[in-house]
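The structure appears right after this line, and notes come after that.
In this note's numbering, the protein residues as written are 21 to 519.
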């Protein structure tokens with residue numbers, strides 16, 4: 021019943037596993053957990069199931085967490101809640117004694133959730149810093165501009181694929197498993213898990229440095245294109261094997277937890293009357309499933325859209341700004357699944373500002389303002405983000421937050437400011453935006469949202485371009501809280517607030 025109720029979360033996880041190199045290992049998580057349960061079969065068979073009624077509390081809390089994820093369209097939160105509910109249901113029906121004996125196989129299911137995408141920019145920064153320091157130690161002049169590394173012979177970009185997140189996720193899952201199987205001391209386990217985090221990050225930085233150095237010394241005859249991937253993969257496989265060799269060296273002589281004979285305290289217990297225990301288990305399971313289904317029904321009702329929605333548009337050009345119609349913008353973001361996509365260009369003197377907005381009347385899993393599927397770099401060219409930072413400015417006595425980045429293409433570079441408009445509030449935080457979505461669904465009833473980006477081509481230097489973008493916002497936000505303007509909904513259709 022639980023698998024049926026959360027079939028959408030399971031399908032989404034499998035889709036990520038099959039479509040991302042960073043999470044392909046997740047296909048092995050469930051088989052590994054089954055293997056670990058098999059190792060514990062004699063120990064578990066000796067224990068008497070005793071339903072733990074107090075587990076209904078964690079189940080109710082996890083249902084609340086799932087509901088928040090559903091209202092915020094945060095699939096990873098819903099997937100974590102599903103795994104937690106499975107673990108809590110195991111505790112509810114079979115009791116704490118059996119759950120404690122099988123604690124690691126149950127907990128290891130967490131690694132089936134595809135998480136970690138949010139740390140990619142941080143890993144890109146760390147990799148770039150490692151490369152820059154190693155190049156300087158090698159006597160090679162280097163300049164770092166965001167994720168762009170420039171040396172005398174050329175430049176290299178630390179892209180998302182070079183962040184090392186795929187190696188970190190695999191190493192972390194492998195590190196927890198190896199620590200459980202081979203180590204008994206908690207100090208050694210924690211030490212090895214820490215190594216499983218530090219080693220792949222450091223190794224990825226060394227890998228990137230080695231590729232750049234090899235390309236530089238070979239006049240770009242080696243370590244480019246396919247060689248780039250093959251050399252890096254071979255290096256990290258060697259590092260992983262060294263890490264596994266280290267856990268063998270750290271292994272104690274005693275057998276690992278869960279292996280071997282049953283301890284005296286875990287000998288078979290006296291069996292109680294089975295009728296009462298089975299009735300309690302059925303009652304607990306039914307109660308838990310009822311809580312889950314009621315939560316899902318309530319979330320579905322809370323996400324029901326308003327009867328009528330406003331029609332958005334961008335402001336018309338007003339002096340001293342004029343409409344720019346001479347050429348289409350060179351950079352265009354890819355906002356997926358929006359109900360309305362808006363674009364307009366403005367000119368002030370010799371400067372030009374392009375405005376892009378995507379409006380989502382009713383957000384869903386496949387159509388939402390804050391989503392990893394919304395990309396700033398998909399314009400049919402080889403665009404790359406050189407930097408990303410949170411910032412804010414004061415406009416008409418109000419604080420306006422935004423995210424600033426520089427996107428560079430083959431011939432052009434643009435300074436881009438973008439932000440989210442959720443529940444009538446602008447934010448540059450994905451986390452805060454998701455919370456605003458939950459608030460809007462539970463209290464305001466308005467689930468519409470927007471993502472807005474303004475961009476200008478870098479002419480001479482970025483500060484001048486930033487000043488132009490600031491002047492544009494000060495002009496257009498002087499008497500309004502948002503760049504989006506809304507017409508009234510059709511007559512007789514009711515009213516609804518817009519973002």
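All C-beta atoms, glycine included, are put in the ideal place defined by N, C-alpha and C.
Cβ shell of residue i (< 7 Å), same chain only, five flanking positions each side left out
| i | result |
| --- | --- |
| residue 361 | 355, 378 |
| residue 528 | Outside the shown range of the chain, which is 21 to 519, sits residue 528, and nothing can be said about it. |
| residue 94 | 454 |
| residue 304 | 71, 73, 112, 113 |
| residue 431 | none |
| residue 43 | 36, 37, 134, 189 |
| residue 317 | none |
| residue 489 | 373, 435, 437, 474, 476 |
| residue 506 | 330, 331, 332, 518 |
| residue 24 | none |
| residue 419 | 412 |
| residue 402 | 429, 430 |
Boundaries of the beta strand (DSSP E) in which residue i is found, first to last residue
| i | result |
| --- | --- |
| residue 116 | Where residue 116 is concerned, there is no enclosing beta strand (DSSP E), although the alpha helix (DSSP H) it sits in stretches over 116-121. |
| residue 62 | It is not in any beta strand (DSSP E) - residue 62 instead sits in the alpha helix (DSSP H) that spans 61-65. |
| residue 449 | Element bounds for residue 449: n/a, residue is neither H nor E. |
| residue 241 | Looking at the DSSP string, residue 241 is not in any beta strand (DSSP E), and its letter there is neither H nor E. |
| residue 472 | 469-477 |
| residue 377 | 371-380 |
| residue 145 | Here residue 145 belongs to no beta strand (DSSP E); instead the alpha helix (DSSP H) covers 140-157. |
| residue 15 | What the structure shows of the chain is the stretch from 21 to 519, and residue 15 is not part of that stretch, so it cannot be assessed. |
| residue 418 | 418-428 |
| residue 174 | 174-177 |
| residue 341 | Premise fails: residue 341 is in no beta strand (DSSP E) and is neither H nor E. |
| residue 163 | 163-165 |
| residue 365 | 360-368 |
| residue 169 | 168-171 |
| residue 433 | 433-442 |
| residue 332 | 331-333 |
CA nearest to the CA of residue i, picked from the options
| i | options | result |
| --- | --- | --- |
| residue 103 | 53, 370, 436 | 53 |
| residue 225 | 192, 213, 177, 204 | 177 |
| residue 36 | 113, 109, 186, 55 | 186 |
| residue 139 | 160, 184, 404 | 184 |
| residue 26 | 89, 69, 67, 40 | 89 |
| residue 82 | 313, 128, 44, 463 | 313 |
| residue 427 | 406, 418, 446 | 406 |
| residue 121 | 161, 42, 67 | 67 |
| residue 504 | 485, 478, 473 | 473 |
| residue 364 | 383, 370, 342, 384 | 342 |
| residue 422 | 152, 462, 402, 502 | 502 |
| residue 209 | 259, 268, 171 | 268 |
| residue 147 | 308, 169, 309 | 169 |
| residue 302 | 62, 69, 262 | 69 |
| residue 462 | 41, 51, 84, 60 | 84 |
| residue 41 | 97, 160, 212, 182 | 182 |
| residue 469 | 478, 447, 484 | 447 |
| residue 141 | 270, 152, 180, 158 | 180 |
Proximity below 9 Å, CB of residue i to CB of residue j
| i | j | result |
| --- | --- | --- |
| residue 374 | residue 335 | no |
| residue 408 | residue 353 | no |
| residue 449 | residue 410 | yes |
| residue 167 | residue 404 | yes |
| residue 150 | residue 109 | no |
| residue 497 | residue 416 | yes |
| residue 220 | residue 256 | yes |
| residue 105 | residue 203 | no |
| residue 155 | residue 232 | yes |
| residue 91 | residue 457 | yes |
| residue 259 | residue 223 | yes |
Close Cβ partners of residue i (< 6 Å) along its chain, the five nearest in sequence each way excluded
| i | result |
| --- | --- |
| residue 216 | 191, 192, 195 |
| residue 165 | 406 |
| residue 399 | Since pLDDT at residue 399 reaches only 48, below the 50 mark, its modelled position is unreliable, and the value read off the structure follows with that caveat. Hits under 6 Å: 351, 352. |
| residue 521 | Since the displayed the chain opens at 21 and closes at 519, residue 521 lies outside it and no answer follows. |
| residue 87 | 315, 319 |
Cβ-based neighbour list, residue i, same chain, cut-off 8 Å, excluding 5 preceding and 5 following
| i | result |
| --- | --- |
| residue 240 | 173, 174 |
| residue 39 | none |
| residue 49 | 128, 129, 131, 132, 193 |
| residue 64 | 57, 118, 121, 122 |
| residue 143 | 183, 184, 185, 188, 221, 224 |
Residue i, enclosing alpha helix (DSSP H) - first and last residue
| i | result |
| --- | --- |
| residue 412 | Residue 412 -> not in any alpha helix (DSSP H); beta strand (DSSP E) instead, spanning 404-415. |
| residue 200 | 185-202 |
| residue 86 | 76-91 |
| residue 485 | 482-496 |
| residue 39 | 27-39 |
* the region 133-144 / the region 28-39 touching (three or more Cβ pairs under 8 Å) -> yes
* To do: Specify whether the region 428-442 and the region 379-396 touch according to this definition: at least 3 beta carbon pairs, one from each stretch, less than 8 Å apart.
  => yes
* Flag this pair as touching only if the region 65-85 and the region 101-118 have three or more C-beta atom pairs under 8 Å; answer yes or no. => yes
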